[in-house]
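Step one of this worksheet: look at the structure below.
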Amino acid sequence: MTTSVLSAPQQHKTRDGLRQTYALSKRSTLEIFRQPALIAPSLIFPLFFAALGASSFGRTVGKVDGLKDVSSFLEFSLASTIAQGVLFGSTTGGTALATDIQNGFMDRLLASPSTRVGILIGRLAGGSVFGALQSIFFIIALYPFGVRIQGGIIAVLIMVLSGALIAMSLGGFMTAMALKTGSPEAVQGAFPLIFISLFFSSAFFPRESMSGAYKTIADYNPLSYLVEGLRVLTLQGLTTQSMAQALLIPVAIGVGSFALSLRQLSNRLAQL
Amino acid sequence: MTQPPIQGAPIVVHSLVRHFGSGDNLVAAVDGVDLVVEQGEIFGFLGPNGAGKSTIVRMLTTLLKPTTGHALVAGYDIVKQADLVRRSIGVALQDSAIDPLMTGTELLELQAVLYGIPRAKMHARASTLLERVGLTAAANRRVITYSGGMRRRLDLALSLIHEPTVLFLDEPTTGLDPMSRLALWEEVRRLNREGTTVFLTTQYLEEADQLADRVAIIDHGRIVRQGVPKELKAKVGAPTLVINVSAPQQDLAKSVLARFGEMRPTDEGSLAVGLIAGATGVAEVVRALDEAQIDLHHLELNEPSLDDVFAEATGHRLEGATPTAEQTVK
Numbered sequence: 001m002t003t004s005v006l007s008a009p010q011q012h013k014t015r016d017g018l019r020q021t022y023a024l025s026k027r028s029t030l031e032i033f034r035q036p037a038l039i040a041p042s043l044i045f046p047l048f049f050a051a052l053g054a055s056s057f058g059r060t061v062g063k064v065d066g067l068k069d070v071s072s073f074l075e076f077s078l079a080s081t082i083a084q085g086v087l088f089g090s091t092t093g094g095t096a097l098a099t100d101i102q103n104g105f106m107d108r109l110l111a112s113p114s115t116r117v118g119i120l121i122g123r124l125a126g127g128s129v130f131g132a133l134q135s136i137f138f139i140i141a142l143y144p145f146g147v148r149i150q151g152g153i154i155a156v157l158i159m160v161l162s163g164a165l166i167a168m169s170l171g172g173f174m175t176a177m178a179l180k181t182g183s184p185e186a187v188q189g190a191f192p193l194i195f196i197s198l199f200f201s202s203a204f205f206p207r208e209s210m211s212g213a214y215k216t217i218a219d220y221n222p223l224s225y226l227v228e229g230l231r232v233l234t235l236q237g238l239t240t241q242s243m244a245q246a247l248l249i250p251v252a253i254g255v256g257s258f259a260l261s262l263r264q265l266s267n268r269l270a271q272l
Numbered sequence: 273m274t275q276p277p278i279q280g281a282p283i284v285v286h287s288l289v290r291h292f293g294s295g296d297n298l299v300a301a302v303d304g305v306d307l308v309v310e311q312g313e314i315f316g317f318l319g320p321n322g323a324g325k326s327t328i329v330r331m332l333t334t335l336l337k338p339t340t341g342h343a344l345v346a347g348y349d350i351v352k353q354a355d356l357v358r359r360s361i362g363v364a365l366q367d368s369a370i371d372p373l374m375t376g377t378e379l380l381e382l383q384a385v386l387y388g389i390p391r392a393k394m395h396a397r398a399s400t401l402l403e404r405v406g407l408t409a410a411a412n413r414r415v416i417t418y419s420g421g422m423r424r425r426l427d428l429a430l431s432l433i434h435e436p437t438v439l440f441l442d443e444p445t446t447g448l449d450p451m452s453r454l455a456l457w458e459e460v461r462r463l464n465r466e467g468t469t470v471f472l473t474t475q476y477l478e479e480a481d482q483l484a485d486r487v488a489i490i491d492h493g494r495i496v497r498q499g500v501p502k503e504l505k506a507k508v509g510a511p512t513l514v515i516n517v518s519a520p521q522q523d524l525a526k527s528v529l530a531r532f533g534e535m536r537p538t539d540e541g542s543l544a545v546g547l548i549a550g551a552t553g554v555a556e557v558v559r560a561l562d563e564a565q566i567d568l569h570h571l572e573l574n575e576p577s578l579d580d581v582f583a584e585a586t587g588h589r590l591e592g593a594t595p596t597a598e599q600t601v602k
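Quick look at the structure:
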């Protein structure tokens, strides 16, 4: 017989908290899929960029450093396509939270005995589910064009999980922005900053082919290592390092962004 | 779903103050409010826009911390025991804050989870409430398709999910058409008959008059009058005679009216006097105006209203006290 370390009221509170978080997660997930116009761009644009890259830089395959062992530019692009799509999608959670603040739904949540952490996790969960589904979508969409995952089914699962984690970790920054400003427009306005950080990484070109300041920035950009982890899973197969890069980097970013969100939430509540 | 304390009055407010801004921009939105709402009352909180009504509701519902002062709601301190207050009260805020992408049923079930209602009871409770507010047929439609009245009714249902002992309604009928307003009033009365204490803010005099057992009138963050509507109106005393005359005759008419009582504030273009002689003095006023060869365009005698109480207390009328066509949306 096992005994819980929690007292009965604590267990009750924990169970209620988990139930609340699940219900709020379900709400945020439903919301995303009930707005096709909101999710379509984050599925279409990354594929457009992948097609554009393949047609523009396809001839560099086998010739340029970092692309010498690659069979197609599309295969090389899968990791950046996933990262791009999830980045696009990560704004939806923050924008939705800002809308909740603006239209008063957040007040409804705060006036109820719901857990504050549950409100945040619930908000991020929808984006996370969408991030996972985006990863699956891109893997399937590029399959007919010869893109194969060398790491097999385990690598696919890691990539899907990574998509979910990236969405949650970057969504945390958007959530913090939403809590700071309470404005959906401000959240959307901050999106280019995150997108630029993807451009200043090795998402679109291998670091081996870069030089100067651009390379230096890419060397220090954690997104480079995240995308490279996904890329190794696609091009070379399962390695401990690639798995760690694909999963632990978003977790590390997520810990920081979630802490920032919690801080903004407590700041917001303190100002009330 | 913990509820007990209460004991004594469900709402006790003592010297509540809320400031916004700082330095030269410091604004006292609520400036030392004291009030007690008794068990089973409908308490009307009446005042113009910006008077401080919503700020008080936000403090009493734990959404805003007071600058100074304290309050007990359902027997719990609004700052130190905020979570217990939240479990005991129902709240329907000014702009029915409802997620338009969810259905009525989904929102009620979400609300049930937030208040810790067991899964086994959740569906039944949601169905009962939807039926109660007449939304069963629309239960599985997204809220975006609801009319303003339907949203308000759903908002009310959401606030009742955990059977609260104290219900806060912040301007529940603002923007509603007359039929929806009447339906909501009836529902509030029904809830009150069942034992729920209701704290209702409104800028509509008729609403306060129709629903409230007692009212507090607030202006510029301070309560200027508090009591039973009938008694407050009786204290104002004489009925108000309102007349309309042509602009050139205004001054002359005013001097005539002043002989029959104290002039009272009214709309531009009208003149109003508190008739000391009561309704029986009307004939005499008409004769006097006729003798002064004043051409009377319109005349009406109004029994004292809460607007008169407000005017007597503040020196000005309550703007927007009756809903206009522009304010009423379906």
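Chains as they are written, first to last, in our numbering: chain A, 1 to 272; chain B, 273 to 602. Even for Gly, the Cβ is constructed at its ideal location relative to N, Cα and C.
For B:SER326, the secondary structure class from DSSP, reduced to helix, strand or coil, is helix. CA-to-CA, the gap between B:GLN383 and A:LEU30 works out to about 16 Å.
For A:ALA218, the number of other beta carbons within 10 angstroms of its own is at least 16, and it is reported as buried. Judged by DSSP secondary structure, A:ASN103 falls outside any beta strand (DSSP E) and instead within the alpha helix (DSSP H) spanning 73 to 103. Using a 10 angstroms sphere on the CB of B:GLU479, the tally of other CB atoms reaches 16 or more, which defines it as buried. Exclusion of the five residues before and after A:ILE149 leaves ALA155, VAL156 and THR234 as the residues of its chain whose Cβ lies within less than 6 Å of its Cβ. In this structure, the alpha-carbon of A:GLN245 lies about 14 Å from that of A:GLY151. Per DSSP, reduced to three states, the secondary structure at B:ASN321 is coil, with no helix or strand assignment. Within the stretch 452 to 479 of chain B, the complete beta strand (DSSP E) runs of at least 3 residues fall at 469 to 474. Take the alpha-carbon of B:VAL299 and the one of B:ILE314: they are about 30 Å apart. Taking a cut-off of 8 Å for Cβ pairs, the stretch 21 to 28 of chain A and the stretch 41 to 60 of chain A do not touch, as fewer than three such pairs fall below it. Taking 8 Å as the cut-off, the beta carbon of B:LEU448 is found no closer than this to the beta carbon of B:LEU441.
Of all residues in the stretch 351 to 367 of chain B, those with a C-beta nearer than 7 Å to a C-beta of chain A are ASP355, ARG358, ARG359, VAL363, LEU365 and ASP367, reading in chain order.
Counting only residues of its own chain and dropping the five nearest sequence neighbours on each side, A:LEU198 has a CB closer than 7 Å to the CB of ALA83, GLN84, LEU87 and LEU223. The stretch 566 to 581 of chain B and the stretch 509 to 523 of chain B touch, with no fewer than 3 CB-CB distances between them shorter than 8 Å. Taking CB atoms only, A:PHE137 has no neighbour in chain B less than 8 Å away.
One thing to note: B:ILE495 has its Cβ no nearer than 8 Å to the Cβ of B:LEU336. Spanning the alpha carbons of A:ALA96 and A:SER169 requires a straight line of approximately 16 Å. Cβ neighbours of A:VAL160 within its own chain (closer than 7 Å, five residues either side excluded): ALA132, SER135 and ILE136. For A:ASN221, the closest Cβ of chain B is not nearer than 8 Å. For A:GLN20, the secondary structure class from DSSP, reduced to helix, strand or coil, is helix. Closer than 8 Å to the CB of A:GLN20 there is at least one CB belonging to chain B. In the three-state reduction of the DSSP assignment, B:ALA354 falls in the helix class, which pools H, G and I.
For B:GLY546, the three-state secondary structure derived from DSSP is strand. For the stretch 177 to 210 of chain A, there are no residues whose beta carbon sits under 7 Å from a beta carbon of chain B. Straight-line measurement puts the Cα of A:ASN267 at about 31 Å from the Cα of B:ASP491.
Setting aside the 5 residues that flank it on each side, A:ILE101 is surrounded in the same chain by GLY182, each with a C-beta closer than 6 Å to its C-beta; the list follows chain order. Contact annotation for A:ASN103 against chain B: ASP367, ALA369, ILE370, ASP371 and PRO372 [CB-CB distance below 9 Å, chain order]. In the displayed model, B:ARG424 falls within a helix according to three-state DSSP. For B:VAL385, at least one C-beta of chain A is nearer than 8 Å to its own C-beta.
Any Cβ of chain B closer than 8 Å to the Cβ of A:LEU110 would place that residue at the interface, and such an atom is present.
A:ASP69 has no beta-bridge partner at all, per DSSP. Around the beta carbon of A:LYS180, 16 or more other beta carbons sit within 10 angstroms, so the residue counts as buried.
Going by C-alpha positions, B:ASP523 is about 18 Å away from B:LEU547. In summary, A:PRO192 is exposed, with fewer than 16 beta-carbon neighbours lying within 10 Å of its beta-carbon over all protein chains present. With respect to chain A, the C-beta atom of B:GLY421 has no partner C-beta closer than 8 Å.
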